[in-house]
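In what follows, a single structure is set out as structure tokens and then discussed.
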Amino acid sequence: MDFRVATSKRLSGDGGPLGGSIVADTGSRLSLYETAPNVEVSLEEFEQFALDRLRVLKGIEEVRARRKRLEELDTVVIDLWRKHMRTPNAADLNKKDVVSHFVLRLAYCRTEELRRWFLAMESALFRHRFRCESSDSQRKLMDDYKLPFKAISVAEFEVLKDKLGQVCRSLNQPLPTADSAYYKVPFEEVPDLVANRKILLGGGHAFVPREQLALLVVGQFRTRLSKALVLTNRFVIMKWTSVCAEDEKDRLAPIVESLSTRYLGADYTQPDSKRDISSKDLDNLAKTSFPLCMHHLFKKLREDHHLRHGGRQQLGLFLKGIGLKLEDALAFWKNEFSHKIGPDKFDKEYAYNVRHNYGKEGKKTDYTPYSCVRIIMSTPGVGDHHGCPYRHFSEENLRATLGTLRLSTPAVAEVLEKVRSHHYQLACATAFEAIHGSPSEGINHPNQYFDQSQKLLQSVKSSEVSAAN
Numbered sequence: 167m168d169f170r171v172a173t174s175k176r177l178s179g180d181g182g183p184l185g186g187s188i189v190a191d192t193g194s195r196l197s198l199y200e201t202a203p204n205v206e207v208s209l210e211e212f213e214q215f216a217l218d219r220l221r222v223l224k225g226i227e228e229v230r231a232r233r234k235r236l237e238e239l240d241t242v243v244i245d246l247w248r249k250h251m252r253t254p255n256a257a258d259l260n261k262k263d264v265v266s267h268f269v270l271r272l273a274y275c276r277t278e279e280l281r282r283w284f285l286a287m288e289s290a291l292f293r294h295r296f297r298c299e300s301s302d303s304q305r306k307l308m309d310d311y312k313l314p315f316k317a318i319s320v321a322e323f324e325v326l327k328d329k330l331g332q333v334c335r336s337l338n339q340p341l342p343t344a345d346s347a348y349y350k351v352p353f354e355e356v357p358d359l360v361a362n363r364k365i366l367l368g369g370g371h372a373f374v375p376r377e378q379l380a381l382l383v384v385g386q387f388r389t390r391l392s393k394a395l396v397l398t399n400r401f402v403i404m405k406w407t408s409v410c411a412e413d414e415k416d417r418l419a420p421i422v423e424s425l426s427t428r429y430l431g432a433d434y435t436q437p438d439s440k441r442d443i444s445s446k447d448l449d450n451l452a453k454t455s456f457p458l459c460m461h462h463l464f465k466k467l468r469e470d471h472h473l474r475h476g477g478r479q480q481l482g483l484f485l486k487g488i489g490l491k492l493e494d495a496l497a498f499w500k501n502e503f504s505h506k507i508g509p510d511k512f513d514k515e516y517a518y519n520v521r522h523n524y525g526k527e528g529k530k531t532d533y534t535p536y537s538c539v540r541i542i543m544s545t546p547g548v549g550d551h552h553g554c555p556y557r558h559f560s561e562e563n564l565r566a567t568l569g570t571l572r573l574s575t576p577a578v579a580e581v582l583e584k585v586r587s588h589h590y591q592l593a594c595a596t597a598f599e600a601i602h603g604s605p606s607e608g609i610n611h612p613n614q615y616f617d618q619s620q621k622l623l624q625s626v627k628s629s630e631v632s633a634a635n
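To convert, take the position in the sequence shown, counting from 1, and add 166; that gives the working numbering.
The structure is reproduced here in structure tokens:
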């Protein structure tokens, strides 16, 4: 990558897939991010810019699950952008925009799954930003990047007005007026519109109303970014891994390598002090408020009286996060494991690990419950039960498991549709809504799922008490 971090060496040579320079002001606030910026940023800016943009992309992922209308999404996305990407000096916004994009591109180019997510979220962000730009700004962007979309002149509009009106009448759309904006594009750019006879053709061009322009420009953006991510991945393999990661192993490497699994929500290291949960409460809580990943682990623990290390870590830290105290956690795990190995062996081989998770052994680190991203990115082996069921279960197994939660057939179908599209957290949110009969606030963490569930159940309980009185 061809921008500098403080006084460190450049991250790529001239002419590399991320090399090049960027014009400070293209005349539009939008960019197609074709070349990496040749600017200097501090280490703090390098990380903070990327995290702020990541908050925007994660926010977009959440709001898209709520099936809002396009116009509503425009407002939400722009609000997210203003909230997280604002800079003290307005002139620095372009720098933050482009640097943050390329840092995340470096972090998310590494696997097909990460590239797919980044491409989808960046395309959605670009789409809504483009829709909210003025006509002049949109035209300036298309001219700057030589996109094959040109606004027709007033004279051309007058010549085509009657034919454009015929198309509008056939589609039951308002007739074009002198204020209508149309763009001339190569007909091969709009095959769907041509096939469905929803567009006027002439001289090898299609005449597209401004309302449909965003789809075309986003298509160009998506195609270019998709190719760029593949090139960036090659750069990572050739240069970052072999040279830069070693040179920057104490500075940039930890930041870049952690971004794709970084959790940005509430801190669940310390349990809610107001919540008093003991081991005897867990069976009921598992039925009502555990997300599927924890419900499955809890069920397997009760059945087999044992979990491998990955499962113990995932479930144990979750239970710590919901409020299970160390003494109760030791009693709970000992009671389960003692069915197979006896209490003495548990004390010798497993109790240390439980105390370690609570910061009472070793380095005395108070470990954090695993986020959804970390669980999704895990790689359980044969005989393991940790990980994310929405990602790691077969469709047949997942369908049967969802059936035990008493989800309706349409709800199961909707969950499976999200899974097939690799939207695992959205699948979990859909299951939450089906179980609780109420929209979720987006699921990014198993403990967040638990908190939302408990809040809704307590609200229902309070309403029933009030009604009874």
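From the three backbone atoms N, C-alpha and C, an ideal C-beta is built for every residue, glycine too.
| query | Curious, which full-length beta strand (DSSP E) runs of at least 3 residues does the stretch 343-416 contain? | reply | 348-352, 366-368, 371-375
| So, helix, strand or coil for residue 317, using DSSP? | strand
| Do three or more CB pairs link the stretch 280-299 to the stretch 380-390 at distances below 8 Å? | yes
| request: Could you have a look at residue 548 and say whether DSSP puts it in helix, strand or coil? | output: coil
| Strand pairing of residue 490, partner residues [DSSP] | 443
| Under a three-way DSSP split, which group does residue 626 fall into? | helix
| Anticipated Cβ contact below 8 Å, residue 417 with residue 301, distance rounded | Rounded, the Cβ-Cβ distance is 44 Å, inconsistent with contact.
| In whole angstroms, what is the alpha-carbon distance linking residue 186 and residue 429? | Note that residue 186 scores 32 on pLDDT, short of 50, meaning its location in the model is unreliable; the coordinates nonetheless yield the value given after this. So the two alpha carbons sit approximately 32 Å from each other.
| field | Spatial distance of residue 501 from residue 530 (CA atoms) | value | 25 Å
| query | From residue 445 to residue 221, what distance separates their C-alpha atoms? | reply | 36 Å
| field | Boundaries (first-last residue) of the alpha helix (DSSP H) holding residue 584 | value | 575-586
| Going by C-alpha distance, which of 571, 278, 623 is nearest residue 397? | 278
| If you draw a straight line from the alpha carbon of residue 602 to that of residue 570, how long is it in whole angstroms? | 15 Å
| Considering residue 436, what are the terminal residues of the alpha helix (DSSP H) in which it resides? | Taken as a continuous stretch (DSSP letters only), residue 436 belongs to no alpha helix (DSSP H), as it is neither H nor E.
| task | Would you identify the three-state DSSP class for residue 205, choosing helix, strand or coil? | result | coil
| message | Going by DSSP, what residue range makes up the alpha helix (DSSP H) through residue 449? | response | 448-455
| Beta-carbon spacing of residue 462, residue 538 below 8 Å | no
| task | Would you check if the distance between the CB atom of residue 597 and the CB atom of residue 608 is smaller than 8 Å? | result | no
| field | Residue range of the unbroken alpha helix (DSSP H) whose run includes residue 474 | value | It is not in any alpha helix (DSSP H) - residue 474 carries neither H nor E in the DSSP assignment.
| task | Tell me where the alpha helix (DSSP H) around residue 260 begins and ends. | result | 259-274
| task | In angstroms with no decimal places, state the Cα-to-Cα distance between residue 436 and residue 481. | result | 16 Å
| query | Any idea what DSSP makes of residue 559, helix, strand or coil? | reply | coil
| query | Is residue 305 buried or exposed, if buried means 16 or more other CB atoms sit within 10 Å of its CB? | reply | buried
| Run of the alpha helix (DSSP H) containing residue 251, from where it starts to where it stops | 236-251
| Between which two residues does the alpha helix (DSSP H) containing residue 301 stretch? | 301-310
| said: Buried or exposed, going by whether 16 or more other CB atoms sit within 10 Å of the CB of residue 420? | reply: exposed
| Per-residue burial, residue 541 [other beta carbons within 10 Å of its own, 16 or more giving buried] | buried
| message | I need the DSSP call for residue 531, collapsed to helix, strand or coil. | response | coil
| said: Please classify residue 343 as buried or exposed, where buried requires at least 16 other C-beta atoms within 10 Å of its C-beta. | reply: exposed
| So, residue 578 versus residue 556, is the Cβ gap smaller than 8 Å? | no
| field | Buried or exposed (CB count within 10 angstroms, at least 16 for buried), residue 336 | value | exposed
| Mind checking residue 263: buried by the 16 CB within 10 Å criterion, or exposed? | buried
| query | Rounded to whole angstroms, how far is the Cβ of residue 272 from the Cβ of residue 402, which I believe are closer than 8 Å? | reply | 7 Å
| message | Am I right that residue 552 and residue 503 are in contact with their C-beta atoms under 8 Å? What's the rounded C-beta distance? | response | At roughly 17 Å, the Cβ-Cβ gap does not stay under 8 Å, so residue 552 and residue 503 are not in contact.
| Cβ pair residue 348, residue 613 closer than 8 Å | no
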